[in-house]
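Novice: Under my numbering, residue 720 is the last one in the sequence shown; the count climbs by one each step, no gaps.
Glycine residues also receive a C-beta, built at the ideal position from the N, C-alpha and C atoms.
Everything numeric in this text was worked out from a predicted model, so none of it was measured.
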Amino acid sequence: MKKLHTILFSVSLLMGSAAHAQFRVEIAGVSSTQIPVAVAAFADEGVAPDQVSAIIRADLERSGVFKVIDAGQVISDSANIDAGAWKARGADALVVGSVSRQPDGRFAVRYKLFDTVKGGQLSALGGEVQPRYTRLQAHRIADDVYEKLTGVRGIFSTRIAYVKENRAGRNYALAVADSDGENEIIAVQGREPIISPSWSPDGGKVAYVSFEDRKPVIYMQDLVTGKRRVIANEKGSNSAPTWSPDGSKLAIALSKSGSYQVYVVNADGSGLRRLSNSNGIDTEPQFSADGQTIYFTSDRSGGPQIYKMSVNGGNATRVTFNGSYNISPRVAPDGKTLAWISQRDGGYSLFAMDLASGQELRLADGATEPSFSPNGKYIMYANKGGGRTALAVVSVDGRVKQRLTTKAGNIREPSWGPFMK
Numbered sequence: 300m301k302k303l304h305t306i307l308f309s310v311s312l313l314m315g316s317a318a319h320a321q322f323r324v325e326i327a328g329v330s331s332t333q334i335p336v337a338v339a340a341f342a343d344e345g346v347a348p349d350q351v352s353a354i355i356r357a358d359l360e361r362s363g364v365f366k367v368i369d370a371g372q373v374i375s376d377s378a379n380i381d382a383g384a385w386k387a388r389g390a391d392a393l394v395v396g397s398v399s400r401q402p403d404g405r406f407a408v409r410y411k412l413f414d415t416v417k418g419g420q421l422s423a424l425g426g427e428v429q430p431r432y433t434r435l436q437a438h439r440i441a442d443d444v445y446e447k448l449t450g451v452r453g454i455f456s457t458r459i460a461y462v463k464e465n466r467a468g469r470n471y472a473l474a475v476a477d478s479d480g481e482n483e484i485i486a487v488q489g490r491e492p493i494i495s496p497s498w499s500p501d502g503g504k505v506a507y508v509s510f511e512d513r514k515p516v517i518y519m520q521d522l523v524t525g526k527r528r529v530i531a532n533e534k535g536s537n538s539a540p541t542w543s544p545d546g547s548k549l550a551i552a553l554s555k556s557g558s559y560q561v562y563v564v565n566a567d568g569s570g571l572r573r574l575s576n577s578n579g580i581d582t583e584p585q586f587s588a589d590g591q592t593i594y595f596t597s598d599r600s601g602g603p604q605i606y607k608m609s610v611n612g613g614n615a616t617r618v619t620f621n622g623s624y625n626i627s628p629r630v631a632p633d634g635k636t637l638a639w640i641s642q643r644d645g646g647y648s649l650f651a652m653d654l655a656s657g658q659e660l661r662l663a664d665g666a667t668e669p670s671f672s673p674n675g676k677y678i679m680y681a682n683k684g685g686g687r688t689a690l691a692v693v694s695v696d697g698r699v700k701q702r703l704t705t706k707a708g709n710i711r712e713p714s715w716g717p718f719m720k
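(1) Alpha carbon to alpha carbon, how far is proline 515 from serine 641?
(2) Assuming serine 478 contacts threonine 449 (C-beta within less than 8 Å), just tell me the rounded distance between them.
(3) Helix or strand or just coil, what does DSSP make of threonine 616?
(4) Counting only the same chain and skipping the five closest in sequence on each side, list residues whose C-beta sits under 8 Å from that of glutamine 591.
(5) Using only CA atoms, which one of Ser694, Pro717, Ala689, Thr524 lies nearest to threonine 705?
(6) Please name the residue, chosen from Thr332, Pro496, Ala472, that lies closest to leucine 549 on a Cα-to-Cα basis.
(7) Extract the residue ranges of the beta strand (DSSP E) inside the region 621-709, only unbroken runs of 3 or more that lie entirely within it.
(8) Can you name, in chain order, every residue of its own chain whose Cβ lies under 8 Å from the Cβ of alanine 320, other than the five neighbours on each side?
(9) Would you kindly report the start and end of the unbroken alpha helix (DSSP H) that includes threonine 433?
(10) Take the Cβ of glutamine 520 as the centre, count every other Cβ of all protein chains shown within 10 Å, and call the residue buried at 16 or more, exposed below.
(11) As a quick exercise: from Gly345, Trp715, Val364, pick the residue whose alpha carbon is nearest that of threonine 541.
(12) Please determine, among Asp644, Asp664, Val561, Tyr606, the residue with the shortest C-alpha to C-alpha distance to glycine 622.
(13) Could you tell me the distance, in whole angstroms, from the CA atom of serine 597 to the CA atom of arginine 629?
(14) Could you say if the region 558-570 and the region 528-540 meet the contact criterion of at least three C-beta pairs nearer than 8 Å?
(15) So aspartate 589 and glycine 634 are in contact, right, with Cβ under 8 Å, and what is the actual spacing, rounded?
(16) Consult DSSP for aspartate 369 and reduce its assignment to one of helix, strand or coil.
(17) Apart from the five residues just before and just after alanine 539, which ones in its own chain have a Cβ nearer than 7 Å to its Cβ?
(18) Quick one: grab the DSSP three-state call for valine 610.
(19) According to the Cβ coordinates, are glycine 503 and leucine 473 closer than 7 Å?
(20) From the DSSP output, which residues share a beta bridge with alanine 407?
(21) For glutamine 436 versus valine 428, is the C-beta spacing smaller than 7 Å?
(22) Rounded C-beta distance between leucine 649 and alanine 666? I'm assuming under 8 Å.
(23) For the region 396-411 and the region 344-363, state whether three or more C-beta atom pairs, one from each stretch, are separated by less than 8 Å.
(24) Looking only at C-alpha atoms, which of Asn614, Leu424, Val462 sits nearest to serine 575?
(25) If tyrosine 680 sits next to proline 717, beta carbons under 8 Å apart, how far is it from one beta carbon to the other, in whole angstroms?
(26) Going by C-alpha to C-alpha distance, which of Lys700, Trp498, Val416 sits closest to alanine 384?
(27) Does the separation of the CB atoms of alanine 337 and isoleucine 380 fall below 7 Å?
(28) Mind checking serine 543: buried by the 16 CB within 10 Å criterion, or exposed?
(29) What is the DSSP secondary structure of arginine 573, counted as helix, strand or coil?
(30) Can you grab the Cα-Cα spacing for the pair isoleucine 710 / alanine 476, in whole Å?
(31) If you measure from the CB of proline 515, is any heavy atom of the ligand MG nearer than 6 Å?
(32) Nearest by alpha-carbon distance to tyrosine 559: which of Arg527, Arg599, Ser547 is it?
(33) Determine the burial state of alanine 701: buried for a count of at least 16 other Cβ atoms within 10 Å of its Cβ, exposed for fewer.
(34) Aspartate 545: buried (16+ other C-beta within 10 angstroms of its C-beta) or exposed?
(35) Note down the Cα distance separating glycine 371 from alanine 339, rounded to an integer number of angstroms.
(36) Can you say whether asparagine 682 is buried or exposed, counting buried as having 16 or more other CB atoms within 10 angstroms of its CB?
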């Protein structure tokens, strides 16, 4: 039996630099109302390993929310700002900053955000970071700009997990990277398929399914220590792990009784308990935002549809009615929106439903395996095009689309990590 190779990496590597330029981000579409923001080159940023202002500009641009204006000059965070002059150039806000090398080798990265319409300073951040953290600091600044100008928390400093498969299909890897695909780290790799990665709410662990024992087994990989443990290795197939919002347990799908049914298990693998009991296949469980409801896919009505039931089990209620094939339910972090994949018009499309009104919106075609951003404003999914599978992102209103392309085989099964404290 060939085991997967697990790669140890510490918290510093998890949040720091690794491989660069893993993806190319292609952006299509913008928000209905863009906020014009000027981003100046940071004073002395050339001394750092990453160009901070360029990362901030790229983050804001790919969000689709901002119209980014290149200030065309270096402006330090200590400079006097003429708000009226920048407003005349079409900017509603201005980002300035500086980078300086410290005697201990760290870099001091500071920034300020100015309101050019009303005048005055909106925000400021500063900190000293190790060289490998300058990129992360730039993402955090972009997060702050996003939040101060939209009222919604930014997601640029969050992480994503996904599965990589080489073109020959002979090697699989569970990878972790920045939300823009940079700083990729391989957590697990081997010659047998890996599927269904799922982040823990604290961002320190990923549950996934591996076929290394010639059957699907659920593992939990600790991203801090590099250690892993078996969560479920019952008779038959063990699949579709997803974490409860408090991180204390996982919902999973097991075929130990014949057809797949939904179970819950404690995060240490103990306390297995069955929730569903149908004559069909019940799989792909997902917790609601409050942890009290589980959404799942079932063919009990003839074809696969989305249902929901109490976290304690019991009777299930059907959720999807349009289309004969609906799978892969995902619930937004605020609990207000359900995303899923529906087979319509000869292909697979990503849909979103307002759970209060039941109104549906078709977001993207050629989509599988959706995952919400932690602020609930974007959905990442796998998209097949050009002969291989890549990752793509769409805003929940469908207006902004990104495709993260790479030359290295197929990238699929994305899982967007939580906010890091």
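Specialist: In short, the structure shows the following:
(1) Those two C-alpha atoms are separated by around 25 Å.
(2) Actually they do not touch by this definition, with Cβ atoms about 17 Å apart.
(3) Note: threonine 616 maps to strand in three-state DSSP.
(4) Excluding sequence neighbours, glutamine 591 sits near Ser609, Val610.
(5) Of the listed residues, the one whose Cα sits closest to threonine 705 is Ala689.
(6) The shortest C-alpha separation from leucine 549 is found at Pro496.
(7) Qualifying beta strand (DSSP E) stretches, in chain order: 625-630, 636-643, 646-653, 659-664, 666-671, 677-684, 687-694, 700-704.
(8) For alanine 320, the predicted structure reports a pLDDT of 41, less than 50, and the residue's modelled location is therefore unreliable. A value from the coordinates is still provided. Glu481.
(9) Per DSSP, threonine 433 belongs to the alpha helix (DSSP H) from 433-449.
(10) Buried: at least 16 other Cβ atoms inside 10 Å.
(11) Comparing Cα positions, the closest option is Trp715.
(12) For the residues Asp644, Asp664, Val561, Tyr606, the minimum Cα distance to glycine 622 belongs to Asp644.
(13) If I take the Cα positions, the gap works out to 14 Å.
(14) In short, these stretches touch, since the Cβ pair count reaches three.
(15) Right, the Cβ-Cβ distance comes to about 6 Å (below 8 Å), so this counts as a contact.
(16) Three-state DSSP puts aspartate 369 in a strand.
(17) Contacts found: Ser495, Ile551, Ala552, Thr582, Glu583, Pro584.
(18) Reduced to three states, the DSSP call for valine 610 is coil.
(19) No, they are not a contact pair.
(20) Beta-bridge partners of alanine 407 (DSSP): Ser399, Glu427.
(21) Yes, Cβ-Cβ distance for glutamine 436 and valine 428 is below 7 Å.
(22) Confirmed, about 4 Å.
(23) Touching, yes, given that three or more Cβ pairs across the two stretches are closer than 8 Å.
(24) Shortest Cα-Cα distance from serine 575 to any of Asn614, Leu424, Val462 involves Asn614.
(25) Cβ atoms of tyrosine 680 and proline 717 stay farther apart than 8 Å, at about 18 Å.
(26) Alanine 384 has its Cα closest to that of Val416, out of Lys700, Trp498, Val416.
(27) Judged by beta-carbon spacing, isoleucine 380 lies beyond the 7 Å limit of alanine 337, meaning their Cβ atoms are not closer than that value.
(28) Buried is the call here.
(29) Looking at arginine 573 - three-state DSSP - the assignment turns out to be strand.
(30) Going by C-alpha positions, isoleucine 710 is about 12 Å away from alanine 476.
(31) This structure simply doesn't include the ligand MG, nor any ligand for that matter.
(32) That would be Arg599, whose Cα lies nearest to the Cα of tyrosine 559.
(33) Correcting the residue type first, residue 701 is glutamine in the shown sequence and not alanine. By the neighbour-count rule (16 or more Cβ atoms within 10 Å), glutamine 701 is buried.
(34) Of the other Cβ atoms in all chains shown, fewer than 16 fall within 10 Å of the Cβ of aspartate 545; this residue is therefore exposed.
(35) Computed Cα separation, rounded: 7 Å.
(36) Asparagine 682 comes out buried.
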